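J.:
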Amino acid sequence: DANNPLIRELAVKKLRATKETPTNGFYKAPEGYRRMKKGGFAFDADVARSYRIIT
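For the sequence shown, the residue numbers in full-length UniProt numbering are 1 to 55.
#1: Hey, quick one: how far does the alpha helix (DSSP H) through residue 30 stretch, first residue to last?
#2: Consult DSSP for residue 22 and reduce its assignment to one of helix, strand or coil.
#3: Rounded to the nearest angstrom, how far is the Cβ of residue 35 from that of residue 41, given a contact under 8 Å?
#4: How many angstroms separate the CA atom of residue 32 from the CA atom of residue 3?
#5: Tell me which residue opens and which closes the alpha helix (DSSP H) that residue 52 is part of.
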């Protein structure tokens, strides 16, 4: 619900760019999979784009 102030605050907090997270939490597929391989990182991407990277 976009009118809920708690949800709005959470979205801004998680998606705002900072020095620690300059990508706003969004990563290109190669970077996302590299971080996933290191562990402790979840990543979601389109299967068609991901197939070439993970095979």
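Don't be surprised by glycine CBs; every beta carbon is placed ideally from N, CA and C.
Note that the structure is predicted; figures quoted are calculated from it, not measured.
T.: The relevant details are as follows:
#1: Here the alpha helix (DSSP H) through residue 30 covers 29-38.
#2: Three-state result, residue 22: coil.
#3: A Cβ-Cβ separation of about 4 Å places residue 35 in contact with residue 41 under the 8 Å criterion.
#4: In a straight line, the C-alpha of residue 32 is about 31 Å away from that of residue 3.
#5: Segment 47-54, the alpha helix (DSSP H) holding residue 52.
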